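Here the structure is laid out as C-alpha cells; the discussion comes afterwards.
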Amino acid sequence: MTPEYLKRKTTAELKKEYKSTKVVLKGLILFLIALISYAIYGLLKKDDNVVFFSILFVGIFCLSTLPYQIKFMKKIKEEIKKRHNLK
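Per our numbering, the very first residue in the sequence shown carries number 1; after that it's consecutive.
Right, here's the structure in full:
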C-alpha cells in the first residue's frame, strides 16, 4: 500500500526522490562500514576498548535505519511503476 504523500507527488518528483534516497542509502552504507571497521580495528589493536565499543554500538544501532530506507525506496518504485502502467 502506497502512502498518500507519495500519491500527491508528480512522477518527476518521485524519480528525483528515488535517486536522492538511493544516494543517501549508498553513502550511509559506506559510512557505517567504515565506522564499524574502525571500531573493530580499535577493539583489536588499541588499549581504550570502551571508546571503540561505544563506536561499534553506535554503528550497529545505525544499521537499523537501512531496512526503513530500503522499504521506502521500494514504495517509491512501486508508485512510479503503477503510474507508468496506467499510461
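Even for Gly, the Cβ is constructed at its ideal location relative to N, Cα and C.
Predicted model only: the values in this text are computed from it and were never measured.
Taking C-beta atoms as the reference points, residue 10 and residue 72 fail to come closer than 8 angstroms. Excluding residues up to 5 positions away in sequence, 39, 42, 43 and 46 lie with their Cβ nearer than 7 angstroms to the Cβ of residue 52 in the same chain.
Taking all protein chains in view, the Cβ of residue 56 is crowded by 16 or more other Cβ atoms within 10 Å, so the residue is classified as buried.
Distance from residue 76 to residue 6 at the Cβ level is roughly 6 angstroms; contact confirmed, criterion being Cβ atoms closer than 8 angstroms. Collapsing the DSSP output to three states places residue 11 in a helix. Within 10 angstroms of the beta-carbon of residue 59 lie 16 or more other beta-carbons, which makes it buried. Distance between residue 31 and residue 19, taken at the CA atoms: about 18 angstroms.
Cβ-Cβ separation between residue 70 and residue 15: approximately 18 angstroms, too far for a contact (criterion under 8 angstroms).
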